[in-house]
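Under mature numbering (1 follows the signal peptide of the UniProt record, and there is no 0), read the sequence shown as residues -25 to -1, 1 to 299, first letter to last. All C-beta atoms in this analysis are idealised placements derived from N, C-alpha and C, irrespective of residue type, glycine included.
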Amino acid sequence: MQETQIGRRGALLGAAAVLATPALAQRGWPAGRPIEIVVPFAPGGGMDVMARTIAPFLAARLPGARVIVSNRAGAGGQVGTEVVANAAPDGFVLGACATPTILSQPIERPVRWRPAELTYLAQVVEDACGLFVRTDSPLKGLPDLLAAARARPGDLPYGTAGIGGDDHIAALLLEEAAGVRLSHIPFNGTSQLLVPLLGGQLDVGAFNISEALPLLRDRAIRGLALASASRDPTAPEIPTYRETGVDVVFSAGRGIFGPPGLPDEVRTQIEEAFAATFADPAWSEAAARAGLPRKPLVGAAYREAALGGEAALRALWARHPWKE
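1) Please list the terminal residues of the continuous alpha helix (DSSP H) segment that includes valine 24.
2) Could you check which residue in Ala202, Pro171, Gly139, Leu177 has the C-alpha nearest to that of arginine 289?
3) Can you tell me where the beta strand (DSSP E) holding proline 283 begins and where it ends?
4) Which of helix, strand or coil does DSSP assign to valine 14?
5) Quick check on DSSP: helix, strand or coil for phenylalanine 158?
6) Counting pairs of Cβ atoms below 8 Å between the segment 151 to 159 and the segment 68 to 82, do you hit three or more?
7) Expressed to the nearest angstrom, what Euclidean distance is found between the alpha-carbon atoms of leucine 147 and alanine 254?
8) So leucine 117 and alanine 200 are in contact, right, with Cβ under 8 Å, and what is the actual spacing, rounded?
9) Which residues does DSSP pair with aspartate 102 in a beta bridge?
10) Does the beta-carbon of histidine 295 have 16 or more other beta-carbons within 10 angstroms, so that it is buried, or is it exposed?
11) Using three-state DSSP, classify phenylalanine 232 as helix, strand or coil.
12) So phenylalanine 249 is in the alpha helix (DSSP H); what residue range does that whole segment cover?
13) For valine 59, which of helix, strand or coil comes out of DSSP?
14) Could you tell me the alpha carbon to alpha carbon distance between glutamine -21 and valine 100, rounded to whole angstroms?
15) Could you tell me which of Leu37, Ala26, Ala103, Thr94 sits nearest to arginine 206, measuring between CA atoms?
16) What does the alpha-carbon distance come out to for the pair proline 128 and leucine 149?
17) Who pairs with arginine 269 in a beta bridge, going by DSSP?
18) Tell whether a beta-carbon distance below 8 Å holds between leucine 114 and phenylalanine 249.
19) When DSSP labels each residue in this structure, what does alanine -3 get in the three-state scheme?
20) Confirm, please, whether the CB-CB distance from glycine 55 to glycine 66 is below 8 Å.
21) Would valine 42 be called buried (16 or more neighbouring beta carbons within 10 Å of its own) or exposed?
22) Looking at C-beta atoms only, is the number of pairs between the segment 1 to 21 and the segment 160 to 171 that lie closer than 8 Å three or more?
23) For the structure I just gave you, are there three or more beta carbon pairs, one from the segment 268 to 283 and one from the segment 35 to 50, closer than 8 Å?
24) In this structure, does DSSP put valine 42 in helix, strand or coil?
25) Label proline 38 either buried or exposed according to how many other C-beta atoms from any shown protein chain fall within 10 Å of its C-beta, with 16 as the threshold for buried.
26) Going by DSSP, name the residue or residues bridged to alanine 275.
27) May I have the straight-line CA-CA distance separating alanine 210 from leucine 177, to the nearest angstrom?
Next up, the structure:
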């Protein structure tokens, strides 16, 4: 089968190349004004955890800086992303984002940003998409879900963090590869869909492995399958889509971006702060405690990876528009 890997994060150039970037004269960050990282989803999801985990490390490496995280949910991430994309390019307003969402939303709807104009600072994690159910669900694995979907075309509901997000795109690829139709229910963030999933009002939740880990450990949910190339070491009991005969590999690349036109002095200083963080063993320990599947890319490497899947997304939109 042909491998389905939209946006495999480019050539995975890695952060190592940027660690040698020569330091510029350090800009001071006025103590009276914090750097704000806008998370475009409700608290508690994978993007929120990523931003809150890395914020203190970033602050420690920017002289005089204080970094705060704010949540501005709405329209599947569009509201918060637009806040950042239209902010003054001074380094005081940054945003958390995920690919493919930052690419897919401009394809499906009018938005106030162009992906190629944004300043891609650093990718922090790459988080495999998966399908999860309550532990008492009759669906024991992906074959059961596909059989139910074939018996009830377009009727089996699953929830995601929003239209056009990584989990929604992964589900569309699953539908296409397996020849089934599901019923999509979008929420404003993963934390919002967990309530009906755990309460038994939602059959299936589509979200990332890092978001699932706490509930898997508590045995509140089970994983049906992961859209990863191989089994995840943090949840080795969950098979991959490929193991069940569906050739789909897909994940979310989560990182930090800035508005268009961020001055080189500011951009380089922030990139250097990320590069230093990624080389710090304390960061590795903090990321592991938070369940973050690290995939560091800085500056140009992140930009190339983030924008690399746009053509494939447009081709998917032509075959299977995801806003109906």
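Quick look at the numbers:
1) Reading the sequence shown from its first residue, position 49 is the one you call residue 24. From DSSP, the alpha helix (DSSP H) with valine 24 extends over 21 to 35.
2) As a working note, residue 289 is residue 314 in the sequence shown. Looking at the Cα atoms, Gly139 is the closest of the given residues.
3) For the purposes of this step, residue 283 is identified with residue 308 of the sequence shown, where counting begins at 1. Note that residue 283 is glycine in the sequence shown here, rather than proline. Element bounds for glycine 283: n/a, residue is neither H nor E.
4) Translated into the one-based positions of the sequence shown, residue 14 becomes position 39. Here valine 14 sits in strand by DSSP.
5) Start at 1 with the first residue of the sequence shown, and residue 158 comes out as number 183. Before going further, note that residue 158 is serine rather than phenylalanine in the sequence given. Correct three-state label for serine 158: strand.
6) no
7) As a working note, residue 147 is residue 172 in the sequence shown. As a working note, residue 254 is residue 279 in the sequence shown. If I take the Cα positions, the gap works out to 36 Å.
8) To locate residue 117, count along the sequence shown from 1; it is residue 142. To locate residue 200, count along the sequence shown from 1; it is residue 225. With a Cβ gap of about 4 Å, leucine 117 and alanine 200 count as contacting.
9) In the sequence shown, residue 102 corresponds to position 127, counting from 1. For aspartate 102, which the question treats as bridged, DSSP gives the partners Ala227.
10) Position 320 of the sequence shown, counting from 1, holds the residue named residue 295. Classification for histidine 295: exposed.
11) Mapped onto the sequence shown, residue 232 falls at position 257. If DSSP states are grouped into helix, strand and coil, phenylalanine 232 belongs with the strands.
12) Taking the sequence shown and counting its residues from 1, one reaches residue 249 at position 274. Counting along the chain, the alpha helix (DSSP H) containing phenylalanine 249 begins and ends at 239 to 253.
13) Position 84 of the sequence shown, counting from 1, holds the residue named residue 59. In the structure shown, valine 59 sits in a helix (DSSP, three-state: H, G or I).
14) Counted from its first residue, the sequence shown places residue -21 at position 5. Counted from its first residue, the sequence shown places residue 100 at position 125. Residue confidence for glutamine -21 is low, a pLDDT of 41 falling below 50, so the modelled location carries little weight; the figure read from the coordinates is stated next. Answer to the nearest angstrom: the Cα atoms are 17 Å apart.
15) As a working mapping, residue 206 is identified with position 231 in the sequence shown. If we check each option's Cα against that of arginine 206, Ala103 comes out closest.
16) As a working mapping, residue 128 is identified with position 153 in the sequence shown. As a working mapping, residue 149 is identified with position 174 in the sequence shown. Using only the alpha carbons, I get a separation of about 14 Å.
17) Counting from one through the sequence shown, the residue named residue 269 turns up at place 294. Partner(s): Val100.
18) Indexing the sequence shown from 1 puts residue 114 at position 139. Indexing the sequence shown from 1 puts residue 249 at position 274. Not a contact, by the Cβ cut-off of 8 Å.
19) If you number the sequence shown from 1, residue -3 lands on position 23. Annotation note: pLDDT 35 at alanine -3 (below 50); position unreliable, coordinate value reported separately. Here alanine -3 sits in coil by DSSP.
20) Counting from 1 along the sequence shown, the entry for residue 66 is found at position 91. Counting from 1 along the sequence shown, the entry for residue 55 is found at position 80. Result no, Cβ atoms of glycine 66 and glycine 55 do not sit closer than 8 Å.
21) For the purposes of this step, residue 42 is taken as residue 67 along the sequence shown, with counting starting at 1. Valine 42 should be labelled buried.
22) yes
23) no
24) To locate residue 42, count along the sequence shown from 1; it is residue 67. Looking at valine 42 - three-state DSSP - the assignment turns out to be strand.
25) What you label residue 38 is simply residue 63 of the sequence shown in a count that begins at 1. Classification for proline 38: exposed.
26) As a first step, residue 275 must be located in the sequence shown, where it is residue number 300. Beta-bridge pairing links alanine 275 to no other residue.
27) On the sequence shown, position 235 is the one that residue 210 refers to. On the sequence shown, position 202 is the one that residue 177 refers to. Straight-line Cα distance between these residues: approximately 23 Å.
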